[in-house]
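For the sequence shown, the numbering used here assigns the number 307 to the initial residue and increments by one for each residue that follows. Note that CB positions come from ideal geometry on N, CA and C, so glycine has one too. Please read all numbers here as calculations on a predicted model, not as lab measurements.
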Amino acid sequence: MDKIQKKIQEIEYQILENKVTEEKNLLLTEMKKIGIEKLPYSYSALKTFIDPETMDFHYNKHYKGYVDKLNAALAKKKYGDVDLEKIIKNISKYDKTIRNNAGGAFNHALFWNMLTPKPKRLTGELYKKISKEFGTFTNFKKKFEAVAKDRFGSGWVWLVLTKNNKLKVMSTPNQDNPLMNVIEGGGFPLLGLDLWEHAYYLKYRNKRDEYITNFWKVINWDFISKLFEMKSETKLLESKFEKSLMTEQKDVAYIEACDRKEQDFFQKLISSDIGKIYGKRIYKTLDKVPWLEFRPKDETINRMQGFYKDGERHPISYLAGNYRAFCMLAKSINNLLIKMGREPLNIAFNENKDELTKSVTRMMNILEKYHDKIFNEESSIYKALMTNLQQSKLKGEQVENLTELRFKNKFGDIDFKVSSQFGKQSDNEGFDADVTIDGKNLSMQVKPFDTNFVEEGKMVVLTTGKIHKYTQDLMVFTNKQVTLVFKNQNTILGINAYKFPVEDLIYELT
Ligand code: MN3
Numbered sequence: 307m308d309k310i311q312k313k314i315q316e317i318e319y320q321i322l323e324n325k326v327t328e329e330k331n332l333l334l335t336e337m338k339k340i341g342i343e344k345l346p347y348s349y350s351a352l353k354t355f356i357d358p359e360t361m362d363f364h365y366n367k368h369y370k371g372y373v374d375k376l377n378a379a380l381a382k383k384k385y386g387d388v389d390l391e392k393i394i395k396n397i398s399k400y401d402k403t404i405r406n407n408a409g410g411a412f413n414h415a416l417f418w419n420m421l422t423p424k425p426k427r428l429t430g431e432l433y434k435k436i437s438k439e440f441g442t443f444t445n446f447k448k449k450f451e452a453v454a455k456d457r458f459g460s461g462w463v464w465l466v467l468t469k470n471n472k473l474k475v476m477s478t479p480n481q482d483n484p485l486m487n488v489i490e491g492g493g494f495p496l497l498g499l500d501l502w503e504h505a506y507y508l509k510y511r512n513k514r515d516e517y518i519t520n521f522w523k524v525i526n527w528d529f530i531s532k533l534f535e536m537k538s539e540t541k542l543l544e545s546k547f548e549k550s551l552m553t554e555q556k557d558v559a560y561i562e563a564c565d566r567k568e569q570d571f572f573q574k575l576i577s578s579d580i581g582k583i584y585g586k587r588i589y590k591t592l593d594k595v596p597w598l599e600f601r602p603k604d605e606t607i608n609r610m611q612g613f614y615k616d617g618e619r620h621p622i623s624y625l626a627g628n629y630r631a632f633c634m635l636a637k638s639i640n641n642l643l644i645k646m647g648r649e650p651l652n653i654a655f656n657e658n659k660d661e662l663t664k665s666v667t668r669m670m671n672i673l674e675k676y677h678d679k680i681f682n683e684e685s686s687i688y689k690a691l692m693t694n695l696q697q698s699k700l701k702g703e704q705v706e707n708l709t710e711l712r713f714k715n716k717f718g719d720i721d722f723k724v725s726s727q728f729g730k731q732s733d734n735e736g737f738d739a740d741v742t743i744d745g746k747n748l749s750m751q752v753k754p755f756d757t758n759f760v761e762e763g764k765m766v767v768l769t770t771g772k773i774h775k776y777t778q779d780l781m782v783f784t785n786k787q788v789t790l791v792f793k794n795q796n797t798i799l800g801i802n803a804y805k806f807p808v809e810d811l812i813y814e815l816t
């Protein structure tokens, strides 16, 4: 008897366990899909506006249909985890099926929340703004109804908050939405009315105008006001940030130089995958600056890739590969964010790669957005960056001149040809050169260095530049005292250092 009891218990546990796992999996797949917005009232709750049968059909058949078809289309194309608002904002990237169904899902999810069986009058900031911009609240209602009546065929009518913080009544066809990037002069939808026949035909038949007028009886102004406040708060924060960027910039003191420890961190960071994100985004941002012109490399006229102003390669071109500038930029933007009371960036000394990627991406978004405020001659961030980059450039020219001079001292008047200058995009602290010695053509990578010493049978060369594997024949290091020339066959990459077998040091030039 005991045995049977035990067995039953075991089976019961097993069933329970399976059920839990199954529910967990179900939940996980559900979470990866676009969710269904719950209807916040019963089908019969909005009788003054719409009948229960239409409500039931509209919600369960039409709306859920859009969500299901959208999820099916997204799964088929393997778009992975997605956010509905993001899809809407980037709708031009998707096909027509997704455009229609994402629009349907988004519009209706908003629509259900914009209605209530217990409406209150609109008061507060939005009421003031509507009255101010449309003359009176009645004028706004008239305008909204007129635009709605004007919509031929299926579509929506909207009250929209534009990018310039203005209110606007507009209409979109089909399931398009003012937030879609394909809609010209759109914005964030605050209020919307479904003008498809499926939304009213059972109750109103051909009297669409009556349906439009009855809409005012069920509007959830509390929800609309919240949407408005949320969106204007974001806008307010943005304009505050912009203002602070303009005024704070006069105060040069807030741009702090980076200490050695911070520089070491950013040096490692710029050599990593995150450094690649930084470099790419710097190029993208500088490309938007109107007074700079990007020019690609052209060997026939000996032109380097970079950003040019009045025909000259501008030192800002070194920005992408310069870790000191990277550090300065991160610190300056962080100081601004802290002063604004916003969440600071988490870059310096952070070892978590995901967090770092997020923070650097956020920093680059800010930089790109405010490119015209940051990259202009009035800006103190720009001035500080330029001082830094000019110093790098001077240092580079010094290294170039000294290296060439020492090669000529040793080998006579050889042809020393610099093929890529100090501070190119991928590597700001070094340059490429070619020499012909005893009829042999040799390519070299030249870098500045601090000091060198022998450790465990290897020659260690400490440098402040980026540590990178090069393919040239020679690795050459120059400082004020000496130029070291190594064979580049057994080069080992260290942290802030290159290491070589002692016998690979072929020349010490002075
Ligand atoms: Mn509908």
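Query: Going along the chain, which residues put their C-beta within less than 6 Å of some heavy atom in the ligand MN3?; Result: HIS364, HIS368, HIS414, ASP500, TRP502, HIS504, ALA505
Query: With contact counted as at least three CB pairs below 8 Å, one residue from each stretch, are the stretch 425-432 and the stretch 525-533 in contact?; Result: yes
Query: Less than 8 Å between the beta carbons of HIS677 and THR797, yes or no?; Result: no
Query: Provide the residue span of the alpha helix (DSSP H) that contains TRP418, from first to last.; Result: 402-420
Query: Which residue wins for smallest C-alpha separation from GLY493, given the options TRP502, ASP500, LEU473, TYR507?; Result: LEU473
Query: Just the C-alpha distance for SER545 and ILE672, rounded to the nearest angstrom, thanks.; Result: 13 Å
Query: Exposed or buried, MET536, counting other C-beta atoms within 10 Å across all chains shown (16 or more means buried)?; Result: exposed
Query: Just how far apart, CA to CA, sit SER348 and ARG668?; Result: 43 Å
Query: Is DSSP giving GLN697 helix, strand or coil here?; Result: helix
Query: Quick check: the stretch 568-576 against the stretch 460-475, are at least 3 beta-carbon pairs closer than 8 Å?; Result: no
Query: Which runs of the alpha helix (DSSP H) spanning at least 4 residues fall entirely within the stretch 622-651, listed in chain order?; Result: 629-645
Query: In three-state DSSP terms, what is GLU336?; Result: Any answer about GLU336 is weak, because its pLDDT of 44 lies below 50 and its placement is not dependable; what the coordinates show is given next. The answer is helix: DSSP assigns GLU336 an H, G or I state.
Query: Under 8 Å between the Cβ atoms of GLU297 and ARG587?; Result: In this structure the chain extends from 307 to 816, so residue 297 is not present and cannot be described.
Query: Per DSSP, what kind of secondary structure is PHE806 in: helix, strand or coil?; Result: strand
Query: Roughly how many whole angstroms lie between the Cα atoms of LEU334 and ASN471?; Result: Model confidence at LEU334 stands at a pLDDT of 42, short of 50, so the residue's coordinates are unreliable; what they give is reported in the following sentence. Whole-angstrom Cα-Cα distance: 39 Å.
Query: Can you give me the start and stop residues for the alpha helix (DSSP H) that MET669 sits inside?; Result: 659-675
Query: Using the beta-carbon count (16 or more within 10 Å), is PRO602 buried or exposed?; Result: exposed
Query: Around the Cβ of THR444, are there at least 16 other Cβ atoms within 10 angstroms (buried) or fewer (exposed)?; Result: exposed
Query: Which same chain residues end up closer than 6 Å to ASN406 when comparing Cβ atoms and leaving out the 5 residues on each side of it in sequence?; Result: GLN481
Query: Check whether the Cβ atoms of PRO479 and GLY461 lie closer than 8 Å to each other.; Result: yes
Query: Where does GLN569 sit, in a helix, a strand or coil, going by DSSP?; Result: helix
Query: What span of residues does the alpha helix (DSSP H) with ALA379 cover, start to end?; Result: 370-382
Query: How big is the Cα-Cα spacing for LYS395 and ILE489?; Result: 10 Å
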